[in-house]
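Chain order of the listed sequences is X and R.
Quick note: the first sequence uses my numbering, first residue 72, plus one each step.
Quick note: the second sequence uses my numbering, first residue 21, plus one each step.
See below for the structure under consideration.
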Amino acid sequence: MRPETSARIGAAYDVALLVYAVALGAGLGLASALWMVEGDLPFGRQEAGPWHVWPQIGSRAADPYSRAILARTANIPLGAGEGLAFHATRDDAGRLLESDCVYILDGPIPPARYWTLTIYDEQGNLAGDGLESRSITSSARVVRSENGAAQIVISRAPAPGNWIVPPTSQRFEIVLRLYDTQAAGALTRFTASALPSILREGCFS
Amino acid sequence: MNPFSRFAFATLCGLVLAIITHLATILMIPLFSERHAAARLAESARLENAKLIAGPGHETWLPRHDPAIAVAACAYDLAEGPFRFTAGTNAPFQSVSLHSRGAGAFFAVTDRAAINSELDIVVMTPEQRNQVIALRALQTETDAEPKEQDPAIEVIAPESRGFAVIRVLAPRPSLAGRALAAARQASCTIAPIEDLES
């Protein structure tokens with residue numbers, strides 16, 4: 072081989088390496104970024120029994136990944152001080168919530184000026200239509216027993232007391248929102264005993 | 021360098037580039053996303069009243085919206101002057117929060133902060149805030165009669181553009197109409213600095 076030819080091959084190899092490095096950087100960087108912003112918020116999640124909460128998303132302390140996800144879902148989070156939203160997709164035993172089963176929510180709800188309990192299907196749509204729906208309840212609607220505790224039954228079939236209906240989709244999500252609560256704050260640690268338990272009573276079929 | 025070590029070096033450079041691209045993308049998504057709530061609210065900047073975006077029996081693009089809450093919002097641009105957001109507080113619960121693209125939710129207040137059953141919030145840039153302080157100092161020096169006005173909550177915004185959101189609670193379906201009306205009536209105006217002296 073003549074020296075010029077091998078020099079030319081060397082230069083072509085360098086260009087190819089440059090293109091390869093840039094493509095690797097851009098491709099891997101973009102793909103991993105997009106992968107991170109699909110799905111749930113990755114950081115700042117607190118677990119309390121079956122419930123999880125992101126106490127920071129309504130404040131300046133929110134991490135960049137959460138902000139990117141909120142931006143892509145057009146979500147406007149509850150500000151720190153406005154309220155907190157607790158989410159549950161599993162029962163106390165860790166099984167996914169299913170529309171074919173009967174669940175009982177029992178236990179304390181952290182003090183708040185007002186709370187709502189709402190059920191969403193897998194796509195995040197509200198089950199039923201709005202406030203008239205049988206899939207929501209709140210501190211204004213709930214019926215309490217003599218000792219002040221509120222038991223809420225989630226079931227397809229009518230149940231006495233506080234009864235709400237799951238959506239028609241197979242899985243669902245429960246969201247408990249506390250408005251104007253002292254429980255909000257970066258230093259609060261939530262424990263399972265501060266929130267209602269979600270017990271599966273049994274399943275249809 | 022032999023061809024293999026050059027290849028390894030290029031891979032290493034690619035990985036470093038990937039980390040930079042990854043971080044830059046994550047940081048830029050909130051600033052440029054077309055899906056961001058701020059992008060959807062951009063048109064509301066010209067309105068004098070908040071634009072209803074969600075509420076009982078109302079179609080919405082907000083994900084996982086609470087049907088007991090009426091939500092209205094308006095966008096602001098502080099380049100035109102300080103932004104004043106005013107809402108009456110007759111509902112069982114209501115709150116106002118301020119958001120911007122880069123900083124996210126940067127301020128929130130409930131109706132507990134209301135004076136004479138009105139929530140009055142003024143959003144300013146740091147420079148506008150300094151001008152207001154200077155004007156007030158001048159006013160005390162000249163012993164001018166202070167204007168009779170309830171003090172507003174003054175907030176310094178991290179970015180000049182953003183939006184204010186009002187949430188009004190309807191505890192029962194029969195109160196849905198009142199909550200929607202209360203959310204829509206929140207007023208969004210530009211407050212000239214001279215008006216903020218008091």
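We put the beta carbon where it would ideally sit given N, CA and C, even for glycine.
With C-beta atoms as the reference, is S120/R less than 7 Å away from E153/X? no
Is DSSP giving A58/R helix, strand or coil here? helix
Buried versus exposed call for P121/X [16 or more other C-beta atoms within 10 Å across all chains shown]: buried
Within the same chain, show all residues whose beta-carbon is closer than 7 Å to that of G77/R, passing over the 5 residues directly before and after it, in chain order. A196
Beta carbon proximity, F24/R to chain X, threshold 7 Å: no
Extract the residue ranges of the alpha helix (DSSP H) inside the region 118-204 of chain X, only unbroken runs of 4 or more that lie entirely within it. 135-143
Give me the chain R residues within the contact set of G195/X, using Cβ-Cβ distance strictly less than 7 Å, ordered along the chain. P83 and R84
Residue environment, P87/R, which counts as buried when at least 16 other CB atoms sit within 10 Å: buried
DSSP bridge partner residues for M144/R (one or two, in chain order): I176/R
DSSP three-state label for D131/R, please. helix
Against chain R, with Cβ distances strictly below 7 Å, would P113/X count as a contact? no
Does the distance from the CB of V188/R to the CB of A95/R come in under 7 Å? no
Under the assumption that L270/X contacts I190/X (Cβ atoms under 8 Å), give the Cβ distance between them as a whole number of angstroms. Between I190/X and L270/X the Cβ distance is about 16 Å, and since that is not below 8 Å, they are no contact.
For D140/R, is the beta carbon positioned less than 6 Å from some heavy atom of the ligand COA? Here there are no bound small molecules, and the ligand COA is not part of this structure.
Relative to the C-alpha of G83/X, which residue among T31/R, L139/R, R26/R and G34/R is closest? Position check: residue 83/X holds Ala in this sequence, whereas Gly was assumed. The residue with the shortest Cα to Cα distance from A83/X is R26/R.
Between the region 127-146 of chain X and the region 106-117 of chain X, are three or more C-beta pairs nearer than 8 Å? yes
Per-residue contacts from R60/R into chain X (C-beta, under 8 Å): A145
Leaving out the 5 sequence neighbours to the left and right, which residues in its chain are closer than 7 Å to V249/X when beta-carbon positions are compared? It is worth fixing the name first, because residue 249/X is Leu in this sequence and not Val. Cβ within range, chain order: G154, L155, P181, A183 and W186.
Please list, in chain order, the chain X residues whose beta carbon lies closer than 9 Å to that of F126/R. S130, R131 and G150
Am I right that E118/X and C274/X are in contact with their C-beta atoms under 8 Å? What's the rounded C-beta distance? Contact doesn't hold; Cβ gap of about 25 Å is too wide.
Is F275/X helix, strand or coil by DSSP? coil
Measuring CA to CA, which of H123/X, N146/X, G195/X and L188/X is closest to R161/X? H123/X
I'd like to check one pair, R66/R with T211/R: are the Cβ atoms closer than 7 Å? Looking at the sequence itself, residue 211/R is Ala, so the reference to Thr does not match. No, Cβ-Cβ distance for A211/R and R66/R is not below 7 Å.
Could one say the Cβ of T109/R lies closer than 7 Å to chain X's Cβ atoms, at least one of them? no
Can you check whether the C-beta of I207/X is within less than 7 Å of a C-beta belonging to chain R? yes
Please list the terminal residues of the continuous alpha helix (DSSP H) segment that includes Q219/R. Residue 219/R lies beyond the stretch modelled for chain R, which goes from 21 to 218, so this question has no answer here.
Within 7 Å of any Cβ in chain R, is that where the Cβ of S103/X sits? yes
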